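**Q** In the numbering used here, the protein residues as written are 4 to 294.
Even glycine gets a Cβ: it sits at the ideal position worked out from N, Cα and C.
Keep in mind it's a predicted model, so treat the numbers as computed, not measured.
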Amino acid sequence: MQIYLDGQFLSREEAKISVFDHGFLYGDGVFEGTRVYNGRIFKLKEHVARLFESAHHILLQIPLTEEELAAATLETVRRNKLQDAYIRTVVSRGPGDLGLDPQKCSLATVVIIADKISLFPQELYEKGLKIMTVTTRQRSANTQEPRIKSLNYLNNILVKIEASQTGSMEAVVLNDQGFVVEGSGSNIFIVNKKGELLTPPSYLGILEGITRNTVLELAREEGLTVHKVPFTRHDLYIAQECFLTGTAAELIPVISVDSRTIGKGSPGPVTKKLMDRFGQYARQDGTPVYP
Ligand code: PXG
């Protein structure tokens, strides 16, 4: 495996960062997860743009231009000869002193790893997931902006722990007002009785998923009525269909929430259609890795 680290390509054993890196000491940094389908990087520009927006918000200077980072990402996939992969790009504040002051960190650390990821067993994409809501609440958008894809994922990890302790593979998080916001690393959609597709609006405090945006576009192309509106657990329990979206998760159907069966208890027609459309689109779209 060839890992990009600050302009060099190193083996897994060689790719090491300082214990004084503020990404390690404080979770001070940002990241992206991007997919490669069929030798093409899916939504590369959008992922690079979001990384730079996250960095911009936390006043983190990435020592590359967006074009250079995109080129380094393509080169990482190429060197690993991958056709289908998952790319983890991490930019941390870099090595500094003990103490919070980011000004002591003179140069950001940039890491690009291209590997495989599998969040859920394949059969669950056909049968659907049983999920739960957790008591851990989403961090308020008034404290840390959820649109920053920061290295501080402790809240999401607590959600994942809570879910797995109760035997669920994934969970849905509510915000401090009790509105449904997102999964531990995914966005959520429901289909209501009228056949409309609903997803929580970004102002409730979610990560604006690139998969979510793609699904919204595909749904509109399919002629579906789409609304970004707040909804509660009750709306979720009485939904006809539900699914989660994310770069790692892709589109995965949900068939039960807190032991309440969703719709008929199997992936519904809208979910299946969108999974299908997404699969086709992802294989054709994207930046080619190989000439
Ligand atoms: N919400 C949160 C909190 C996320 O972390 C998404 C939504 C979906 O966004 P995209 O742009 O990917 O459609 C994410 C992304 C993992 C993992 O290992 C999860 C994500 C990213 C990378 C890895 O579970 N989630």
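(1) Taking 6 Å as the cut-off, is the CB of A251 close to at least one heavy atom of the ligand PXG?
(2) Return the bridge partner residues of H230 from the DSSP annotation.
(3) For S95, report the span of its beta strand (DSSP E) as first-last.
(4) With H, G and I counted as helix, E and B as strand and the rest as coil, what does DSSP make of I160?
(5) T169: which of K133, R223, T76 sits nearest, CA to CA?
(6) Under the three-state reduction of DSSP, which class applies to T146: helix, strand or coil?
(7) To which residues of the same chain is N216 closer than 8 Å at the C-beta, ignoring the five residues directly before and after it?
(8) Considering Cα atoms alone, identify which of R286, G289, P256, S269 is closest to Y128.
(9) Cα-Cα, which of R53, K152, L277, Q64 is closest to E224?
(10) Across which residues does DSSP place T264 in a beta bridge pair?
(11) Can you look up P124 in the DSSP assignment and give me helix, strand or coil?
(12) Should T92 be listed as close to the ligand PXG, given that the test is whether its C-beta is under 6 Å from any heavy atom?
(13) If you run the structure through DSSP and keep just helix, strand and coil, what is K133?
(14) My understanding is that T235 touches V184, with C-beta atoms under 8 Å, so please give their C-beta distance in whole angstroms.
(15) So does G213 have its beta carbon nearer than 6 Å to some heavy atom of the ligand PXG?
(16) Confirm the yes/no value for this check: CB of G188, any heavy atom of the ligand PXG, distance under 6 Å.
(17) Please classify G26: does DSSP put it in a helix, a strand, or coil?
(18) Following a CB-centred definition, is L157 positioned closer than 6 Å to any heavy atom of the ligand PXG?
(19) Does at least one heavy atom of the ligand PXG sit under 6 Å from the Cβ of L247?
(20) What does a CB cutoff of less than 6 Å around P98 pick up in its chain, not counting 5 residues either side in sequence?
(21) Exposed or buried, what is Y7 when buried is set at 16 or more other beta-carbons lying within 10 Å of its beta-carbon?
(22) In three-state DSSP terms, what is V175?
(23) Apart from the five residues just before and just after N190, which ones in its own chain have a Cβ nearer than 6 Å to its Cβ?
(24) Entirely within the segment 53-86 and at least 4 residues each: give me those alpha helix (DSSP H) ranges in chain order.
(25) If we ignore side chains and look at the alpha-carbon of each, how far apart do K197 and K130 end up?
(26) How many angstroms separate the CA atom of G271 from the CA atom of L227?
(27) Relative to the alpha-carbon of S1, which residue among A144, G102, L201, H237 has its alpha-carbon at the smallest distance?
(28) Looking at the secondary structure, which residues open and close the beta strand (DSSP E) in which T37 lies?
(29) Following the continuous alpha helix (DSSP H) through L110, name the residue where it begins and the one where it ends.
**A** Looking at the atomic coordinates:
(1) yes
(2) L201
(3) 88-95
(4) helix
(5) K133
(6) coil
(7) E49
(8) P256
(9) L277
(10) S259
(11) coil
(12) no
(13) strand
(14) The pair is not a contact, with the Cβ atoms about 11 Å apart (cut-off 8 Å).
(15) Position check: residue 213 holds Ile in this sequence, whereas Gly was assumed. For the ligand PXG, at least one heavy atom lies less than 6 Å from the Cβ of I213.
(16) yes
(17) helix
(18) no
(19) no
(20) S21, F23, D24
(21) buried
(22) strand
(23) G212, R215, T248
(24) 69-82
(25) 24 Å
(26) 14 Å
(27) The requested residue 1 does not occur in the structure, where the chain is confined to residues 4 to 294.
(28) 32-40
(29) That residue, L110, is in no alpha helix (DSSP H); it is neither H nor E in DSSP.
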